[in-house]
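Below: one structure, written as structure tokens.
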Amino acid sequence: MNRRALALLILLSAASMPGYAQQQGKASAAVGAKAAGFDAVASTALATMQTKADELKITGVAVVAYFEGETIQSWSSKMLVVGRYKDEPKADNKGSNLLAVVYSKAAEMADTLQNSGGKIRPPMTGELGWEGGVIAHTKNGYVIAAFSGGKSEDDVQVSKAGLAKLAAEL
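Under mature numbering (1 follows the signal peptide of the UniProt record, and there is no 0), residues -21 to -1, 1 to 149 are what the sequence shown spells out, in order.
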């Protein structure tokens, strides 16, 4: 019997075990409830970040994320374009993909558990080491807020506004 057929047989056997489908259904419902709860809080946090960006007269991309535990294995996240997500290339400037930058900030924080650009280690490939993202430990994991599009200090202010909403709810 080839490996695929054996794997399929094992999977089908496990799926037909009494209680297996029920356990999987409960796990899916729990994940769905957490995702729905995060989605509502994330929307509020992103709206707060947009308001702060408007106050500072900056545009860019905001992202918020939540993950459980001390080491990231998966996360829930939500993103909002606040006016623009990129700067087009020009003759003297190669342009900026603000969406890529903001996710780089979030990824750095998920690994270091420190605010982005903290220089606790050299940036790894895929990271930029730029400030603008903030992270906080909650009772069940971590919340992340990041913004890209303004000066670093403005990005941090926008991110802190979003993080305050996330930390209060999660």
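Just so it is clear, CB atoms sit at the ideal spot from N, CA and C, and this is done for glycine as well.
With DSSP as the reference, please indicate the residues paired to residue i in a beta bridge.
i: tyrosine 121; result: Phe46, His116
i: alanine 21; result: DSSP output for alanine 21 lists no bridge partner at all.
i: asparagine 76; result: Lys65
i: valine 60; result: Val40
i: serine 55; result: Tyr45
Taking 7 Å as the limit between beta carbons, can you name the residues of its chain near residue i, skipping five residues before and five after?
i: glutamine 136; result: Lys31, Leu35
i: valine 10; result: Only weak support is given to the placement of valine 10: the predicted model assigns it a pLDDT of 49, under 50, and the question is left unresolved by the model.
i: isoleucine 51; result: Ala89
Leaving aside the five residues before and after residue i along the sequence, list all residues of the same chain whose C-beta is less than 6 Å from its C-beta, in chain order.
i: lysine 144; result: Thr23, Ala24, Thr27
i: glutamine 29; result: Val61
i: aspartate 66; result: Gly74, Ser75
i: asparagine 119; result: Glu47
i: tyrosine 64; result: Val40, Leu77, Leu78
Does the Cβ-Cβ distance between residue i and residue j come in under 8 Å?
i: valine 113; j: serine 131; result: no
i: lysine 57; j: aspartate 18; result: yes
i: alanine 140; j: serine 95; result: no
If you drop the 5 nearest sequence neighbours on each side, which residues of the same chain put their C-beta closer than 8 Å to that of residue i?
i: lysine 73; result: none
i: alanine 146; result: Ala115, Thr117, Val122
i: threonine 91; result: Gly97, Ile99, Arg100
Which residues mark the beginning and the end of the alpha helix (DSSP H) in which residue i is found?
i: lysine 130; result: Per DSSP, lysine 130 belongs to no alpha helix (DSSP H) and is neither H nor E.
- Message: Does the segment 73 to 82 come into contact with the segment 36 to 49, if we say contact requires no fewer than three beta-carbon pairs (one atom in each stretch) closer than 8 Å?
- Response: yes
- Segment contact flag, the segment 101 to 111 with the segment 42 to 60, C-beta cutoff 8 Å, min 3 pairs: Taking a cut-off of 8 Å for Cβ pairs, the segment 101 to 111 and the segment 42 to 60 do not touch, as fewer than three such pairs fall below it.
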